[in-house]
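Visitor: The structure that follows is given in the form of structure tokens.
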Amino acid sequence: MVAITADEAACNFMVRSLLDSGSDALADEIVSLFALSATTAAKTGHYPGWEPRPGSPLLALCRSVFQREFGHESKVQVIHAGLECGLIGARYPELDMLSFGPTIRGAHAPGERVEIASVGHAWRLLTAILAAIAAAPAGAAVPAIPPR
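Structure, rendered in structure tokens:
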């Protein structure tokens, strides 16, 4: 966000990264650039990173459920968005979690849209994952995935 008046200009940057060290380094660089131009900058707030865990038991379960439900491998990708998982993970660092949802185009812009069919796919995946977890033996790291 940029706000300009006759007396001053103010910029607000929301710095995000997978790793807290990455967002800290970028924020420090921004502050340094402002200092070079004889202006000031301050770091306030923090949106925690969420580091990928490729060996996650939950991810393995979800990929298997996806394969069973949709007949092809899931696309696993890391994005640079600020997700609630970063906030939750900062509070509960040992929690195994992932994020998925419908396909959204043009997020956070006036033309933002969702692919309606993908909402149904996300719901189907969620309910199948929950069923697989519920069917797991107590204490299982990766629940067995019952066939359909």
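Each residue of the sequence shown is one higher than the one before, counting from -17 in the working numbering.
The beta-carbon is built from N, C-alpha and C at its ideal position, and this holds for glycine as well.
On a CA-only basis, which of Ala9, Asp2 and Ser46 is nearest glutamate 33? Give me that one, please.
Guide: For the residues Ala9, Asp2 and Ser46, the minimum Cα distance to glutamate 33 belongs to Asp2.
Visitor: Quick one: grab the DSSP three-state call for isoleucine -14.
Guide: The answer is strand: DSSP assigns isoleucine -14 an E or B state.
Visitor: Sort His28, Val13, Ile86 and Ala(-12) by Cα distance to arginine -2 and report the nearest one.
Guide: Looking at the Cα atoms, His28 is the closest of the given residues.
Visitor: For leucine 41, I'd like the list of residues in its chain whose CB is within less than 6 Å of its CB, leaving aside the five on either flank, ordered along the chain.
Guide: Same-chain partners within the cutoff: Leu80.
Visitor: If you drop the 5 nearest sequence neighbours on each side, which residues of the same chain put their C-beta closer than 8 Å to that of glutamate 55?
Guide: Closer than 8 Å at Cβ, skipping near neighbours: Arg45, Phe48 and Gln49.
Visitor: Which of the three DSSP states, helix, strand or coil, is assigned to arginine 35?
Guide: Of the three classes helix, strand and coil, the one that applies to arginine 35 here is coil, per DSSP.
Visitor: Is alanine 9 helix, strand or coil by DSSP?
Guide: In the structure shown, alanine 9 sits in a helix (DSSP, three-state: H, G or I).
Visitor: Go through its chain and collect everything with a Cβ distance to proline 84's Cβ below 6 Å, but skip five positions before and after it.
Guide: Cβ within range, chain order: Val96, Ser100, Val101 and Ala104.
Visitor: According to DSSP, is alanine 72 part of a helix, a strand, or is it coil?
Guide: Of the three classes helix, strand and coil, the one that applies to alanine 72 here is helix, per DSSP.
Visitor: Got a sec, what are the start and stop residues for the beta strand (DSSP E) alanine -9 sits in?
Guide: Per DSSP, alanine -9 belongs to the beta strand (DSSP E) from -9 to -7.
Visitor: Specify the secondary structure class of glycine 96 as computed by DSSP and reduced to three states.
Guide: Inspection of the sequence shows that residue 96 is occupied by valine rather than by glycine. Valine 96 falls in the strand class under three-state DSSP.
Visitor: For isoleucine 61, name the three-state secondary structure that DSSP assigns.
Guide: If DSSP states are grouped into helix, strand and coil, isoleucine 61 belongs with coil.
Visitor: Using a Cβ-Cβ cut-off of 7 Å (strictly less than) and excluding sequence neighbours within five positions of alanine 9, which residues of its own chain qualify?
Guide: Correct list, in chain order: Val(-3) and Lys25.
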